[in-house]
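**Student:**
Here is the structure:
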């Protein structure tokens with residue numbers, strides 16, 4: 001319940017919840033739902049107590065039955081297929097922790113970089129592969145015009161082709177009108193590629209200035225989120241000057257990490273589109289099509305994760321293990337046929353067994369905050 005309570009408190013402090021009654025209602029909802037049987041706290045209690053949620057009777061509660069067809073002729077029996085997958089995130093979390101416990105100490109920055117690359121690629125080209133809340137949070141942090149994203153998606157799918165009139169000009173031309181740019185910039189048949197200034201969304205033609213502008217704006221946006229949370233953590237004990245200073249520095253470091261993350265993503269896109277990509281891939285229509293069809297986005301996806309080097313070694317470890325399950329989730333369907341659920345059940349059972357065994361026999365192998373939490377639970 002703590003993350004939910006902290007999130008509500010932060011939103012209230014930022015002014016997102018202006019009415020006192022709305023804030024109290026949000027707190028009441030968070031607390032009450034935390035005690036429901038089908039929530040994460042109950043799951044942890046049953047798992048640590050030696051019970052299991054993998055029996056068929058309980059698994060059926062985590063599945064969803066959907067019809068295979070929407071239009072059924074009268075007199076024809078409607079066929080239904082039970083779908084599973086609601087517990088996929090938990091299974092991948094357990095699998096990631098088990099794999100990390102077996103392999104031992106890995107290179108945490110590389111885990112984070114590769115995981116972020118998969119997540120950002122999925123956010124750009126396959127957003128349905130991410131949890132909706134995670135997808136919305138990334139979109140809010142990115143602060144980008146959806147028409148720009150859609151244009152790059154159409155470049156990848158081939159619907160928008162440079163040097164040819166495929167009827168896609170109105171998409172970016174409407175953006176040109178809104179930002180007071182020449183309308184010809186939005187016509188892929190006449191302008192190839194569309195200028196990087198459009199990617200900068202009003203920050204001018206300089207890619208470097210746009211990157212710095214993104215850093216400053218993202219840092220401010222992040223501080224509005226992290227600072228209230230860090231100050232709230234200090235309320236557990238009498239406030240001191242040292243505690244407040246620690247909270248501000250911690251929030252500033254986390255905000256700098258997120259700001260550099262966003263800056264590197266956008267600058268990576270610019271490097272792929274204008275600074276480096278054309279000299280390697282080519283400057284003709286085919287080369288430009290390939291760059292905007294995935295190369296530029298791939299550069300941004302690879303670069304953004306290196307911002308983790310701004311964090312401390314212990315934070316890198318926790319962050320790498322936090323994003324790894326979400327990266328793996330982009331490689332699997334969010335919903336699948338119920339008759340395939342035995343695979344997920346087997347994976348979770350084996351992973352949980354590995355993690356619990358390591359936590360019992362060699363606690364040092366289960367690293368991070370999760371390892372400390374699990375160790376304290378098992379020692380009780």
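Numbering (the UniProt record's numbering), first residue to last: 1 to 380. Yeah, the Cβ is synthetic: ideal placement off N, Cα and C, and Gly gets one too.
Are the stretch 129-142 and the stretch 325-334 touching, with three or more C-beta to C-beta distances below 8 Å?
**Tutor:** The stretch 129-142 vs the stretch 325-334: in contact.
**Student:** In the structure shown, what three-state DSSP assignment does residue 337 receive?
**Tutor:** Strand.
**Student:** Tell me whether residue 174 is buried or exposed, calling it buried when 16 or more other Cβ atoms sit within 10 Å of its Cβ.
**Tutor:** Residue 174 comes out exposed.
**Student:** Using a Cβ-Cβ cut-off of 7 Å (strictly less than) and excluding sequence neighbours within five positions of residue 123, which residues of its own chain qualify?
**Tutor:** Correct list, in chain order: 130, 135 and 138.
**Student:** To the nearest angstrom, how far is it from the Cα of residue 375 to the Cα of residue 109?
**Tutor:** Their Cα atoms are separated by approximately 25 Å.
**Student:** In terms of alpha-carbon separation, which member of 311, 363 and 257 lies closest to residue 381?
**Tutor:** Only positions 1 to 380 of the chain appear in the structure, and residue 381 is not among them; the question remains open.
**Student:** Report the rounded CA-to-CA distance for residue 98 versus residue 33, giving the unit in angstroms.
**Tutor:** One C-alpha to the other measures close to 29 Å.
**Student:** If you drop the 5 nearest sequence neighbours on each side, which residues of the same chain put their C-beta closer than 8 Å to that of residue 145?
**Tutor:** For residue 145, where only same-chain residues beyond five positions count, the Cβ hits under 8 Å are 175 and 201.
**Student:** Could you check if residue 220 is buried or exposed, using at least 16 other CB atoms within 10 Å of its CB as the buried criterion?
**Tutor:** Exposed, because fewer than 16 other Cβ atoms sit within 10 Å of the Cβ of residue 220.
**Student:** How about the stretch 305-325 and the stretch 214-230: do they share at least three Cβ pairs that are nearer than 8 Å?
**Tutor:** Touching, no.
**Student:** Quick check on the DSSP output: what are the complete alpha helix (DSSP H) runs of length 4 or more inside the stretch 298-365, in order along the chain?
**Tutor:** Qualifying alpha helix (DSSP H) stretches, in chain order: 313-329 and 341-361.
**Student:** Sort 227, 206, 190 and 187 by Cα distance to residue 196 and report the nearest one.
**Tutor:** Among 227, 206, 190 and 187, the Cα nearest to that of residue 196 is on 206.
**Student:** For residue 170, is the beta carbon positioned less than 6 Å from some heavy atom of the ligand GDP?
**Tutor:** Absence of the ligand GDP is noted for the structure shown, with no ligands found whatsoever.
**Student:** Once you ignore the five residues that flank residue 266 on each side, which residues in its own chain have a CB closer than 8 Å to its CB?
**Tutor:** The residues are 199, 210, 211, 214 and 300.
**Student:** Pick from 297, 92, 340 and 270: whose alpha carbon is nearest that of residue 149?
**Tutor:** Ranking the options by Cα distance to residue 149, first place goes to 297.
**Student:** Would DSSP call residue 120 helix, strand or coil?
**Tutor:** Of the three classes helix, strand and coil, the one that applies to residue 120 here is helix, per DSSP.
**Student:** Which residues bound the alpha helix (DSSP H) around residue 250?
**Tutor:** 241-270 is the extent of the alpha helix (DSSP H) around residue 250.
**Student:** So which of 323, 371, 354 and 378 has the shortest CA-CA distance to residue 115?
**Tutor:** It is 323.
**Student:** According to DSSP, is residue 191 part of a helix, a strand, or is it coil?
**Tutor:** If DSSP states are grouped into helix, strand and coil, residue 191 belongs with coil.
**Student:** Determine the DSSP secondary structure at residue 367, reduced to helix, strand or coil.
**Tutor:** Three-state result, residue 367: coil.
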